[in-house]
Amino acid sequence: MLKPTLDISKLLLAVSSLNSLANPILNNHNYRVAFISYLIAREISYSNEFLYNILVAGLFHDIGLLMIHSRDDIASVSNLELEEERRLHVHSEVGYQLLKKFPYFSKIAKIVKYHHYPYKESLRKEVPYSSSIIHLADRIDVFIASKIKDENPYSKISLFLPQLEDYLLRYKGKKLDPKLVDLFLKKVCPKEAFWYEILNRSCLEETLEKLLKNFENRLPTEAFYDFAQLLAYLIDFKSPFTATHSSGVAQTALTLANLFNFTYPDLRKMHIAGLLHDVGKIAIPSNILEKPDRLTEEEYNVMKSHVFFSYKIISKLEVEKDIVEWASYHHETLDGSGYPFKLGEEDLSLGSRIMAVADVFTALMEDRPYKKGLPIKKAMAIIDMLANKNKLDKNVVYVLKKNLEKVNTERKQAQEKARKLYNSLRELAISL
Numbered sequence: 262m263l264k265p266t267l268d269i270s271k272l273l274l275a276v277s278s279l280n281s282l283a284n285p286i287l288n289n290h291n292y293r294v295a296f297i298s299y300l301i302a303r304e305i306s307y308s309n310e311f312l313y314n315i316l317v318a319g320l321f322h323d324i325g326l327l328m329i330h331s332r333d334d335i336a337s338v339s340n341l342e343l344e345e346e347r348r349l350h351v352h353s354e355v356g357y358q359l360l361k362k363f364p365y366f367s368k369i370a371k372i373v374k375y376h377h378y379p380y381k382e383s384l385r386k387e388v389p390y391s392s393s394i395i396h397l398a399d400r401i402d403v404f405i406a407s408k409i410k411d412e413n414p415y416s417k418i419s420l421f422l423p424q425l426e427d428y429l430l431r432y433k434g435k436k437l438d439p440k441l442v443d444l445f446l447k448k449v450c451p452k453e454a455f456w457y458e459i460l461n462r463s464c465l466e467e468t469l470e471k472l473l474k475n476f477e478n479r480l481p482t483e484a485f486y487d488f489a490q491l492l493a494y495l496i497d498f499k500s501p502f503t504a505t506h507s508s509g510v511a512q513t514a515l516t517l518a519n520l521f522n523f524t525y526p527d528l529r530k531m532h533i534a535g536l537l538h539d540v541g542k543i544a545i546p547s548n549i550l551e552k553p554d555r556l557t558e559e560e561y562n563v564m565k566s567h568v569f570f571s572y573k574i575i576s577k578l579e580v581e582k583d584i585v586e587w588a589s590y591h592h593e594t595l596d597g598s599g600y601p602f603k604l605g606e607e608d609l610s611l612g613s614r615i616m617a618v619a620d621v622f623t624a625l626m627e628d629r630p631y632k633k634g635l636p637i638k639k640a641m642a643i644i645d646m647l648a649n650k651n652k653l654d655k656n657v658v659y660v661l662k663k664n665l666e667k668v669n670t671e672r673k674q675a676q677e678k679a680r681k682l683y684n685s686l687r688e689l690a691i692s693l
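Residue numbers (the numbering used here): 262 to 693.
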């Protein structure tokens with residue numbers, strides 16, 4: 262069964278790293294912003310709650326970008342500077358609207374909402390001071406990233422430090438909070454250790470994990486369940502064609518597992534595994550996810566990699582082995598021809614077999630760029646064929662067929678709920 266509480270340090274880092282997988286330009290950006298924000302905040306207060314919220318907000322400040330996958334999400338604007346300002350505003354608001362639905366992150370949500378408000382504008386609104394700290398750290402890191410692009414970044418530190426100082430002083434009191442700028446320039450920036458840390462991903466990740474652990478902020482099991490749902494939304498909402506997929510797979514797997522008389526704790530694990538099964542798709546480019554035609558062999562090889570990335574991400578979390586396997590083995594087959602581990606019948610538990618059937622069934626019923634959702638009889642004919650070829654488990658398929666109306670009804674209800682939220686966030690992004 263799931264542990265009563267979970268150490269979420271690895272989970273927070275794993276979710277934060279999704280932005281880097283989605284867009285290499287953002288590589289390590291969230292980590293660096295979190296660390297810079299924490300160091301500035303520590304010069305202001307040693308309050309555990311204040312520092313913890315700063316760290317998590319830094320890690321999550323760009324989470325809304327995961328749902329803004331194309332320029333279509335920002336209305337067509339001829340002025341590129343204005344378009345960039347709108348993009349900043351949209352991703353902050355979308356991140357806020359998503360995070361605030363989960364009580365555990367309600368305070369983080371408000372920090373994220375205002376993290377791109379410039380100093381003078383923040384004075385006129387109820388902007389949390391934490392948002393101003395994140396804003397400064399974000400601008401500092403964007404500047405750093407623009408200057409360091411080679412394999413030996415330490416060699417460039419002395420060259421761009423004067424430029425960074427000029428940049429901060431130029432916007433001090435205008436776009437950037439003057440007190441925070443002074444704190445950074447006097448207390449953080451002069452230390453060589455800061456630069457050695459922030460320019461080395463492995464050191465930075467290790468330090469962030471230690472900092473998060475120090476707060477001993479363990480996540481209650483129910484909150485982790487909510488967090489899995491948040492992750493599913495972040496992954497699925499990357500494309501309108503996958504916007505409800507994980508919700509459908511999770512519900513289908515849950516219904517089937519219930520029909521197999523899984524215990525309540527195992528049913529919870531099955532639902533979580535279904536929500537997380539496609540988390541690796543964040544690493545797949547949108548032009549492949551949304552290609553309106555069949556994928557080439559090269560594109561298909563890229564698409565297949567999502568399962569491995571799901572395995573790597575979920576393995577970082579402090580969850581039971583069952584969740585990792587049920588989520589990560591959904592493209593393995595009984596005859597050993599699946600991917601990415603080429604597992605066979607003897608390696609695949611009932612939970613993994615249920616997840617595989619749930620994934621195929623849900624995918625066949627959905628619209629995709631290259632096809633419409635299939636009529637249920639045709640979908641079941643394909644599933645029968647896969648079972649006869651020893652790709653899918655015949656017993657699981659039999660239970661699906663015997664309870665088809667119930668399974669399909671509950672799948673549709675779960676997907677309709679996810680679609681409603683997706684549409685509301687899309688409308689928000691377009692209207693801003």
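Each residue gets a CB set at the ideal place from its N, CA and C atoms; glycine is no exception.
Note that the coordinates shown come from a computational prediction; the quantities given were computed from them, not determined experimentally.
Using a 10 Å radius around the Cβ and a threshold of 16 neighbouring Cβ atoms, would you call T670 buried or exposed?
Here residue 670 refers to the residue found at position 409 when the sequence shown is read from its first residue. Flag for T670 reads exposed.
Simplified DSSP assignment, three categories, for R400:
Working through the sequence shown from its first residue, we reach residue 400 at position 139. R400: helix per DSSP, three-state reduction.
Distance between beta carbons of R385 and L437, contact taken as under 8 Å
In the sequence shown, the residue the question calls residue 437 occupies position 176. In the sequence shown, the residue the question calls residue 385 occupies position 124. 16 Å between Cβ atoms; not a contact.
Does the beta-carbon of R614 have 16 or more other beta-carbons within 10 angstroms, so that it is buried, or is it exposed?
Here residue 614 refers to the residue found at position 353 of the sequence shown. By the neighbour-count criterion, in which a residue is buried when 16 or more other Cβ atoms sit within 10 angstroms of its Cβ, R614 is buried.
Report the residue from F445, C464, Q424, G509 whose alpha carbon sits nearest the alpha carbon of S393.
Taking the sequence shown and counting its residues from 1, one reaches residue 393 at position 132. With distances taken between Cα atoms, S393 lies closest to F445.
Counting C-beta neighbours from all protein chains within 10 Å, is the total for N309 16 or more, i.e. buried, or is it exposed?
In the sequence shown, counting from the first residue as 1, residue 309 sits at position 48. With fewer than 16 Cβ atoms within 10 Å of its Cβ, N309 is classed as exposed.
Quick check: K552 and E560, are their CB atoms within less than 9 Å of each other?
By one-based count along the sequence shown, residue 552 stands at place 291. By one-based count along the sequence shown, residue 560 stands at place 299. Contact: yes.
Expressed to the nearest angstrom, what Euclidean distance is found between the alpha-carbon atoms of H352 and I643?
Working through the sequence shown from its first residue, we reach residue 352 at position 91. Working through the sequence shown from its first residue, we reach residue 643 at position 382. Our two residues, H352 and I643, have alpha carbons roughly 40 Å apart in a direct line.
Considering only residues of the same chain and omitting the five flanking positions on each side of R332, which have a CB-CB separation below 6 Å?
Stepping through the sequence shown from its first residue, residue 332 is reached at position 71. For R332, the pLDDT reaches just 37, beneath the cut-off of 50, and the residue's location in the model is therefore unreliable, leaving the point undetermined.
Straight-line CA distance for M641 to I269?
Residue mapping note: residue 641 aligns to position 380 of the sequence shown, counting from 1. Residue mapping note: residue 269 aligns to position 8 of the sequence shown, counting from 1. Answer to the nearest angstrom: the Cα atoms are 40 Å apart.
DSSP three-state call for K433: helix, strand or coil?
Numbered from 1 along the sequence shown, position 172 holds the residue referred to as residue 433. Strand.
Where R629 falls: helix, strand or coil (DSSP):
Here residue 629 is taken as the residue at index 368 of the sequence shown, counted from 1. R629 falls in the strand class under three-state DSSP.
Is it buried or exposed, L341, if we count other Cβ atoms within 10 angstroms and call 16 or more buried?
What you label residue 341 is simply residue 80 of the sequence shown in a count that begins at 1. Because L341 sits at a pLDDT of 39, beneath the cut-off of 50, its placement in the model cannot be relied upon, and the following sentence gives the value as read from the coordinates. Exposed, since its Cβ has fewer than 16 Cβ neighbours within 10 Å.
CA-CA distance, K471 and L273?
For the purposes of this step, residue 471 is taken as residue 210 along the sequence shown, with counting starting at 1. For the purposes of this step, residue 273 is taken as residue 12 along the sequence shown, with counting starting at 1. Their Cα atoms are separated by approximately 12 Å.
Assuming the contact rule is C-beta atoms closer than 8 Å, S277 and Y292 should be a hit. Round their C-beta distance to whole Å, please.
Counting from 1 along the sequence shown, the entry for residue 277 is found at position 16. Counting from 1 along the sequence shown, the entry for residue 292 is found at position 31. Under the criterion of beta carbons closer than 8 Å, S277 and Y292 qualify as touching, at roughly 7 Å.
Where do the N-terminal and C-terminal ends of the alpha helix (DSSP H) with F485 fall, by residue?
Within the sequence shown, numbered from 1, the residue matching residue 485 stands at position 224. It spans 482-497 - the alpha helix (DSSP H) in which F485 sits, taken as one unbroken run.
Sequence ranges, beta strand (DSSP E) only - wholly within the segment 579-604, length at least 3:
none
Range of the contiguous alpha helix (DSSP H) that encloses R385
What you label residue 385 is simply residue 124 of the sequence shown in a count that begins at 1. Segment: none, R385 is in no alpha helix (DSSP H) and carries neither H nor E.
Determine the burial state of I691: buried for a count of at least 16 other Cβ atoms within 10 Å of its Cβ, exposed for fewer.
In the sequence shown, the residue the question calls residue 691 occupies position 430. It is exposed - the Cβ of I691 has fewer than 16 other Cβ atoms within 10 Å.
Mind checking whether L473 and L327 have CB atoms under 9 Å apart?
Numbered from 1 along the sequence shown, position 212 holds the residue referred to as residue 473. Numbered from 1 along the sequence shown, position 66 holds the residue referred to as residue 327. No, these two residues do not count as a Cβ contact at 9 Å.
In terms of residue numbering, what span does the alpha helix (DSSP H) encompassing I324 cover?
Position 63 of the sequence shown holds residue 324. Neither: I324 is in no alpha helix (DSSP H) and is coded neither H nor E.
Counting Cβ pairs, one atom from each stretch, are 3 or more of them under 8 Å apart for the segment 650-662 and the segment 456-463?
no
Which of helix, strand or coil does DSSP assign to R555?
Position 294 of the sequence shown, counting from 1, holds the residue named residue 555. It is coil, neither helix nor strand.
Own chain, CB closer than 6 Å to G701, minus 5 neighbours either side, in chain order
The structure shown has nothing for residue 701, since the chain only spans 262 to 693.
Are V500 and S547 closer than 9 Å when you measure CB to CB?
By one-based count along the sequence shown, residue 500 stands at place 239. By one-based count along the sequence shown, residue 547 stands at place 286. A small correction: the amino acid at residue 500 is Ser; Val does not occupy that position in the sequence shown. Contact flag set, yes.
7 Å CB neighbourhood of D583 in its chain, flanking five on each side removed:
As a first step, residue 583 must be located in the sequence shown, where it is residue number 322. Excluding residues within five positions, the ones whose Cβ falls inside 7 Å are K530, G612.
Quick one: is N289 buried, meaning 16 or more other Cβ sit within 10 Å of its Cβ, or exposed?
Mapped onto the sequence shown, residue 289 falls at position 28. So N289 counts as buried.
Within 8 Å, do at least three Cβ pairs link the segment 580-595 to the segment 632-640?
no
Would you check if the segment 446-455 and the segment 482-498 touch, i.e. whether three or more CB-CB distances between them fall below 8 Å?
no
According to DSSP, simplified to helix, strand and coil, what is C464?
Stepping through the sequence shown from its first residue, residue 464 is reached at position 203. In this structure, C464 counts as helix in the three-state DSSP scheme.
Would you kindly report the start and end of the unbroken alpha helix (DSSP H) that includes H532?
For the purposes of this step, residue 532 is identified with residue 271 of the sequence shown, where counting begins at 1. Taken as a continuous stretch (DSSP letters only), the alpha helix (DSSP H) holding H532 covers 525-537.
Are there 16 or more other CB atoms within 10 angstroms of the CB of T557, so buried, or fewer, so exposed?
For the purposes of this step, residue 557 is identified with residue 296 of the sequence shown, where counting begins at 1. T557 is exposed by the Cβ-count criterion.
Pick from E579, V621, L528: whose alpha carbon is nearest that of T594?
To locate residue 594, count along the sequence shown from 1; it is residue 333. Of the listed residues, the one whose Cα sits closest to T594 is V621.
Where the alpha helix (DSSP H) containing E453 begins and where it ends:
As a first step, residue 453 is located in the sequence shown; it is residue number 192 there, counting from the start. From DSSP, the alpha helix (DSSP H) with E453 extends over 453-459.
Neighbourhood of Y457 by C-beta distance below 8 Å, restricted to the same chain and skipping five residues each side:
The residue labelled residue 457 in the question sits at position 196 within the sequence shown. Within the same chain, Y457 has close Cβ partners Y415, C464.
With a threshold of 16 other CB atoms inside 10 Å of the CB of V294, please say whether the residue is buried or exposed.
In the sequence shown, residue 294 corresponds to position 33, counting from 1. Counting every other CB atom within 10 Å of its CB across the protein chains shown gives V294 a total of 16 or more, marking it as buried.
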